[in-house]
Amino acid sequence: MTANALGVTLLDFQLPPFSRVSWVSDAARDVWEKRFEAIDRAWPIWDIRCVASGQRSISLTYPEAGRITALAPEVARFGLRTHVLGYDDMRNYGFRERELPAGGVITGPLVQGRLVCGAPDAVDAFLEASGADDGATIEALLGIPTCCAQAHREAWIQHGMNDPTWATARATSASTSNLIETRGHWTANVLLRSIGLRAVSHSPCRFDCDATHAIGLSIQQQARDNGEEQLADWLEEILSWPVEWSMLHGIAEIKSPVLKISTRTDATAHKHVVQLDGERFPEEGAQGLSFAYRDPGRLKVTESRSFHKGLAAPTGMAADAAAVGRPGGDQ
0 MTANALGVTL
10 LDFQLPPFSR
20 VSWVSDAARD
30 VWEKRFEAID
40 RAWPIWDIRC
50 VASGQRSISL
60 TYPEAGRITA
70 LAPEVARFGL
80 RTHVLGYDDM
90 RNYGFREREL
100 PAGGVITGPL
110 VQGRLVCGAP
120 DAVDAFLEAS
130 GADDGATIEA
140 LLGIPTCCAQ
150 AHREAWIQHG
160 MNDPTWATAR
170 ATSASTSNLI
180 ETRGHWTANV
190 LLRSIGLRAV
200 SHSPCRFDCD
210 ATHAIGLSIQ
220 QQARDNGEEQ
230 LADWLEEILS
240 WPVEWSMLHG
250 IAEIKSPVLK
260 ISTRTDATAH
270 KHVVQLDGER
280 FPEEGAQGLS
290 FAYRDPGRLK
300 VTESRSFHKG
310 LAAPTGMAAD
320 AAAVGRPGGD
330 Q
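Here this note's numbering is used: position 102 in the sequence shown is 101, and no number is missing along the way.
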């Protein structure tokens with residue numbers, strides 16, 4: 000076995016599609032699960048609005064099969080046409096989609112429709128390009144920046160990788176080790192895409208891609224203009240958290256401050272890790288020494304559990320809480 004130009008040794012197998020989510024605490028789940036779901040439900044509508052506003056010719060979204068009909072009013076309002084291409088087991092951009100099974104019966108929580116939306120002539124052009132395997136036309140219709148389209152083709156064709164995450168990290172950082180520590184625009188953080196959280200619909204060439212950033216900001220501004228400021232604020236906060244992505248033997252593990260995701264990726268002989276730094280951290284985020292968690296040794300006195308217990312305690316207990324931060328106090 001030899002490594003490709005990205006330093007990855009690929010194994011000759013692919014795991015079946017799967018996705019598992021585990022929360023760091025009940026408190027984190029209580030606060031963030033409904034917010035995550037609301038953003039995921041809103042995303043296809045946001046993408047369709049990009050078409051209606053002329054930002055791109057075609058929208059290609061992956062709503063769950065049961066949600067497709069719910070998009071009909073929004074599509075009709077803009078006079079657009081939709082077409083269901085088939086069904087995909089995951090949202091990991093690049094894994095080959097499978098067609099609608101015999102009988103058209105769709106079951107299972109991971110099944111999502113590939114919904115194409117646009118003006119009738121644009122949908123026809125997309126279908127024709129898909130049939131002819133004309134990637135350049137498809138990329139142009141989807142409004143993917145040239146730099147990102149080229150990078151994705153290189154990762155897929157030249158390096159044999161379905162998941163472009165490692166290629167994106169290598170392009171962003173000069174590191175040649177199996178651990179890449181990097182930063183970028185929050186809009187280009189697509190590491191949580193498998194649970195529907197992202198600011199753009201394409202895979203960025205770099206985590207600091209300015210073209211991607213401009214598209215992401217435009218989509219968020221449209222959401223705000225349509226009265227969805229809260230969803231836009233939540234998404235910006237989530238994508239501004241630190242997040243770690245790793246791959247080994249076909250399994251990707253993604254750790255954020257509030258949850259961990261296990262899902263399918265390329266099968267590799269060695270572990271590769273990307274640590275994308277963030278500028279925010281949720282109150283419900285886990286404490287720990289590993290990346291994506293908050294180091295408990297760095298907690299301020301006012302962030303300690305005892306301090307807040309003291310604030311909530313009767314006056315007679317305030318003196319005990321005041322001991323926090325002094326030698327022997329609870330840090």
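Note that CB positions come from ideal geometry on N, CA and C, so glycine has one too.
Helix, strand or coil: which one does DSSP assign to residue i?
i, result
"glutamate 252", "strand"
"phenylalanine 17", "coil"
"serine 193", "helix"
"alanine 54", "The sequence given here has glutamine at residue 54, not alanine. DSSP places glutamine 54 in coil when its eight states are reduced to three."
"alanine 4", "coil"
"methionine 89", "For methionine 89, the predicted structure reports a pLDDT of 42, less than 50, and the residue's modelled location is therefore unreliable. The matter cannot be settled from this model."
"leucine 10", "coil"
"proline 326", "For proline 326, the pLDDT reaches just 41, beneath the cut-off of 50, and the residue's location in the model is therefore unreliable, although a value from the coordinates is still provided. Here proline 326 sits in coil by DSSP."
"histidine 269", "coil"
"arginine 293", "strand"
"glutamate 243", "strand"
"threonine 60", "strand"
"histidine 82", "strand"
"leucine 275", "strand"
"valine 74", "helix"
"leucine 288", "coil"
"arginine 113", "strand"
"aspartate 209", "helix"
Hey, quick one: how far does the alpha helix (DSSP H) through residue i stretch, first residue to last?
i, result
"glutamate 127", "119-130"
"leucine 141", "Where leucine 141 is concerned, there is no enclosing alpha helix (DSSP H), given that its DSSP letter is neither H nor E."
"alanine 69", "Alanine 69 -> no alpha helix (DSSP H), and no H or E assigned at all."
"tryptophan 185", "Run containing tryptophan 185: none; DSSP gives neither H nor E here."
Going by alpha carbons, who is nearest to residue i out of the options?
i, options, result
"valine 189", "Pro43, Leu275, Ala51, Asp25", "Leu275"
"leucine 247", "Phe280, Leu178, Glu282", "Leu178"
"glutamate 36", "Trp240, Ala154, Leu196, Ile47", "Leu196"
"glutamate 228", "Arg34, Asp132, Val50, Gly277", "Arg34"
"serine 18", "Ile143, Leu191, Val115", "Leu191"
"alanine 51", "Ala118, Ser129, Glu252, Met0", "Ala118"
"arginine 66", "Leu79, Trp31, Arg113, Arg55", "Arg113"
"histidine 201", "Val7, Arg55, Pro16", "Arg55"
"tryptophan 233", "Ala135, Glu32, Cys146", "Glu32"
"threonine 145", "Thr68, Pro203, Ile194, Ser176", "Pro203"
"valine 272", "Ala69, Asp133, Ser174, Ser239", "Ser174"
"glycine 53", "Val7, Leu140, Ala71", "Leu140"
With C-beta atoms as the reference, is residue i less than 7 Å away from residue j?
i, j, result
"glutamate 236", "lysine 254", "no"
"tryptophan 42", "alanine 222", "no"
"valine 20", "isoleucine 260", "yes"
"serine 172", "threonine 186", "no"
"glutamate 138", "alanine 148", "yes"
"glycine 183", "proline 241", "no"
"arginine 205", "alanine 231", "no"
"leucine 5", "histidine 158", "yes"
"glutamine 286", "arginine 279", "no"
"valine 30", "glutamate 252", "no"
"isoleucine 47", "glutamate 73", "yes"
"leucine 79", "cysteine 116", "yes"
"proline 256", "alanine 291", "yes"
"methionine 160", "alanine 154", "yes"
Ends of the beta strand (DSSP E) at residue i?
i, result
"isoleucine 258", "The sequence as given places leucine at residue 258; isoleucine does not occur at that position. Run containing leucine 258: 258-263, per the beta strand (DSSP E) assignment."
"glutamate 180", "178-181"
Compute the minimum distance between the beta carbon of residue i and the heavy atoms of the ligand SAH, and state whether it is under 6 Å.
i, result
"leucine 141", "The ligand SAH is not part of this structure, which contains no ligands at all."
Practice item. Could you tell me whether the segment 152-170 touches the segment 259-273, using the rule of 3 or more Cβ pairs below 8 Å? Key: Judged by Cβ distances under 8 Å, the segment 152-170 makes contact with the segment 259-273, as three or more pairs qualify.
Review point. Counting Cβ pairs closer than 8 Å, one from the segment 23-31 and one from the segment 212-227, do we hit at least three?
Key: Remark: fewer than three beta-carbon pairs, one from each stretch, lie closer than 8 Å, so the segment 23-31 and the segment 212-227 are not flagged as touching.
Exercise for review: Check whether the segment 116-132 touches the segment 56-71, taking contact to mean three or more Cβ pairs, one atom from each stretch, closer than 8 Å.
Suggested key: Contact between the segment 116-132 and the segment 56-71 is present: three or more C-beta pairs spanning the two stretches fall below 8 Å.
**Study point:** contact_flag[the segment 0-11, the segment 77-85] where n(CB pairs < 8 Å) is 3 or more
**Key:** Output reads no: the segment 77-85 does not touch the segment 0-11.
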